[in-house]
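Going left to right, the sequence shown walks through residues 518 to 829 as this note's numbering numbers them. We put the CB at the ideal spot given by N, CA and C, even for glycine.
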Amino acid sequence: MAMNRTPQYSIGAAARSAGLTPLVLRAWERRYGVVRPSRTQTGRRMYTQEDVDRLSLLKRLTDAGHRIGGIANLSPEDLGVLAAQSALLEEVQQRVGDRSREGAPNYLEEALKATADLDASGLEDVLQRASLDLSPVRLRRELIQPLMVEIGELWRVGTLRIAHEHLATAVVRTFLSGMNTRQHVSPGSPLLVITTPSGDLHEIGALLAASHALEVGYEVLYLGPNMPADEIAASVNASHARAIYLSLVYPLGDHGVRSQLLALRRLVGEELPILVGGRAVESYQEAVAAGNMLPVSSPEEFDRLLASLPGF
Ligand code: B12
C-alpha cells in the first residue's frame with residue numbers, strides 16, 4: 518500500500534503510463550488540480566502509483582466523452598463507479614453495434630440535416646448538445662471538422678447551395694468564437710498568433726486550432742482570416758507572441774501564398790516558431806521546408822509541437 522504513495526514516476530513516465538502527453542498532464546494539473554505531485558529538490562514533479570491510476574481513469578473517461586472539468590475533482594470511489602458504468606456501456610454498445618444504438622444521437626447527421634433545412638437555431642442546438650456530451654477534442658474531430666468538409670463536398674456536387682454553406686459557417690464561427698472567449702487563460706501563458714494568409718478566407722480551421730491551443734494552456738491572439746505577412750509580423754512584434762499558427766485551406770500550391778510564407782519568415786526572423794496546418798499544407802511542402810516552418814497534420818501533432826515550443 519505504502520508503495521502506492523511513494524513518488525516514483527517522473528512527469529514523462531506518469532503521462533506515458535496514463536496514456537497522456539506531459540503537456541496535457543500539466544494543463545490538467547494547472548487548470549483542474551487533478552493530482553498534486555510532490556517535487557524533488559530541483560523542482561521536478563514526482564508522481565505516485567495512486568496518481569498514475571487516477572490519471573489513467575481520467576484519461577479513459579475523457580476518451581469515453583466525459584469533460585475533464587466535470588470529473589477532475591471526483592473521489593477515487595466515484596471515479597471507479599463512473600468507469601465501471603462507462604465500461605459496461607461500452608460493452609453493451611459493442612454487442613448491440615453502433616449502428617443500431619437506439620436513440621444515440623448522431624450529431625453529424627443532425628447537423629447536416631439542420632444545414633440542409635437552413636435551420637440555424639437547429640444547428641446551434643446540435644452544437645450545444647454535442648458540446649455537453651463530447652470532449653472538446655471529439656467535438657472538433659467528430660463533428661465540426663467533418664461537418665465543414667461534408668458541406669464542401671455536398672456544395673461541390675450541387676446538393677447544397679452557397680446559402681447552406683454560409684449559414685453553417687456563420688453558426689459554427691459564432692459557436693467556436695464564443696467557446697474560445699469563455700476559455701480561462703492563466704496569467705503568463707505564452708501567446709500564439711493565429712490567422713490565415715492573405716487571400717484565404719477560410720477561418721474555421723484557424724478557430725479550431727485556437728480552441729485547441731487555449732485548452733492546452735496558450736493565450737491566443739486571433740486575427741481572423743486573410744492577413745498579409747507584414748500585418749502578421751507587426752502583430753507578433755507588438756504582442757511579443759511566442760509563435761504563429763497559420764491555417765492553410767485554399768488555394769492549393771499558389772505562388773502568391775508561397776511568397777507570403779517566405780516573406781513572413783524573413784519579417785519575423787529565423788527564431789520564431791511558425792506552425793502551419795490545414796488541408797492545403799501539403800501543397801506548400803517546399804516553402805514550408807525553406808521557411809523552416811513546422812507542419813501540423815493532426816491535433817496530436819499540434820499538442821506535441823506546442824509542448825515543445827520554447828517558453829511553454
Ligand atoms: C466554409 C467554406 C468556405 C467559406 C469560408 C468562410 C469562413 N469564414 O471560413 C467561403 C464562402 C468564404 C469559401 C470560399 C471559397 N471556397 Co471554400 N470552402 C468552405 C468549406 C465548406 C469549409 C472550410 C472549412 O472550414 N474547413 C474545415 C477545416 C477544419 O478543414 P481543414 O483545414 O482542411 O482541416 C484540416 C486541419 O484543420 C486538420 N485539423 C483537424 N482538426 C484539427 C485540430 C487542430 C488543433 C489542428 C492544428 C489541425 C486540425 O485536419 C484537417 C485535414 O487536413 C470547404 C470544404 C472543406 N473540405 O474544407 C470549402 C473549400 C475549401 N472551398 C473551396 C472553394 C473552391 C472556394 C472558393 C474558390 C469558391 C468560389 N468559387 O468563390 C472560395 C475561395 C475563397 C478564398 N479566397 O479563400 C474548395 C477548395 C478546392 C481546392 N481546390 O482547394 C473546398 C474544398 C470545397 C470543395 N469541396 O470543393 N469557402
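- Taking C-alpha positions only, residue 693 is separated from residue 699 by approximately 10 angstroms.
- According to the DSSP assignment, residue 712 belongs to the beta strand (DSSP E) that extends over 708–712.
- If you draw a straight line from the Cα of residue 794 to the Cα of residue 522, it is about 42 angstroms long.
- When the alpha-carbon of residue 528 is set against those of 709, 549 and 563, the nearest one is in 563.
- Put simply, the backbone Cα of residue 659 is about 8 angstroms away from that of residue 625.
- With a cutoff of 8 angstroms on beta-carbon distance, residue 719 and residue 766 are scored as near each other.
- The nearest non-hydrogen atom of the ligand B12 is 7 angstroms or more from the C-beta of residue 803.
- Taking 3 residues as the minimum length, the beta strand (DSSP E) runs contained wholly in the segment 654–716 are 708–712, in order along the chain.
- As the crow flies, the alpha-carbon of residue 627 is around 42 angstroms from that of residue 751.
- Boundaries for residue 551: no beta strand (DSSP E) harbours it, and the DSSP string shows neither H nor E there.
- It is roughly 32 angstroms from the alpha-carbon of residue 721 to the alpha-carbon of residue 572.
- Taking 3 residues as the shortest admissible run, the segment 775–811 contains the following complete beta strand (DSSP E) segments, listed from N- to C-terminal end: 791–794.
- In the displayed model, residue 737 falls within a strand according to three-state DSSP.
- In this structure, residue 584 places its C-beta atom within 8 angstroms of the C-beta atom of residue 652.
- In the DSSP assignment, residue 762 falls within the beta strand (DSSP E) that extends over 760–764.
- In chain order, 703 and 734 place their CB closer than 7 angstroms to the CB of residue 547, counting only its own chain and leaving out the 5 sequence neighbours on each side.
- Contact between residue 713 and residue 665 fails: their C-beta atoms lie close to 14 angstroms from each other, not under 8 angstroms.
- Within the DSSP bridge table, the entry for residue 555 names 563 as partners.
- Looking only at 640, 807 and 822, the smallest Cα-Cα distance to residue 813 is reached by 822.
- In the structure shown, residue 767 falls within a coil segment according to DSSP collapsed to helix, strand and coil.
- Taking each of 802, 816, 567 and 672 in turn and checking the Cα distance to residue 775, the smallest one comes out for 802.
- CA-CA distance, residue 532 to residue 594, rounds to 22 angstroms.
- Residue 758 is positioned such that its CB atom lies no closer than 8 angstroms to that of residue 811.
- Proximity of the beta carbon of residue 525 to the ligand B12 is not indicated: no heavy atom of the ligand is located closer than 7 angstroms.
- Under a 10 Å Cβ-count criterion, residue 753 is classified as buried, with 16 or more other Cβ atoms of the shown protein chains found around its own Cβ.
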